[in-house]
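Below is one structure, written out as structure tokens, with a few remarks after it.
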Amino acid sequence: MSQIIEHAGLEFGAVGEGFGPSDVEVKFMSQHYRQPKAGYWVALVDGQVAGCGGIACLDPANGSCELRKLFVSAHYRGRGIGKALALHCLQFATEQAYQQCYLGTLSSMKSAIHLYTSLGFKRLVEPFCGSIHDGCDVWMLKSLAMNADKNFISA
């Protein structure tokens, strides 16, 4: 996993302090994501690690989580793996009763931004308070709150 994250960091210029691939947790993922209401998943293709991504609490006071370190190996991109991982992470976040999901990314990650937009993320004008990834230049937020209309049927 750490190789995929670190290679993507190099590929897109996300290197150094303020970028997810440089976080200390990259070398200790299983320890970091054992926290309550957090999780990290790996996508396998024919037994090979193809991608990874996770959810961690960002601000418990406002019910926000962060979609973290969602990366797909260059060899496996374009196969829907990133979307499947993102959907799995968002489903987990909803099950954990988070109200909103934040992410930071780079403007150079055009395919990722397109994916996030298609999943209902909206761009923010500045980073979310509490995020440690200040090297990102694109910030997005998605509401996870249930739509009240879904609880009713037409008569």
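Take the sequence shown: its position 68, counting from 1, is numbered 61 in my numbering, and each next residue is one higher. By construction, the Cβ of each residue, glycine as well, lies at the ideal position given by its N, Cα and C atoms.
The DSSP-derived three-state label of L78 is helix. In the three-state reduction of the DSSP assignment, F114 falls in the coil class, being assigned neither a helical nor a strand state. Pairing L78 with T110, the inter-Cα distance amounts to about 15 Å.
Taking the Cα of Y26 as reference, the smallest distance to any Cα among G40, W132 and C58 is reached at C58. A direct Cα-to-Cα measurement between R61 and M133 gives close to 12 Å.
Contact check for G56 against Q92 passes: the beta carbons are separated by less than 7 Å.
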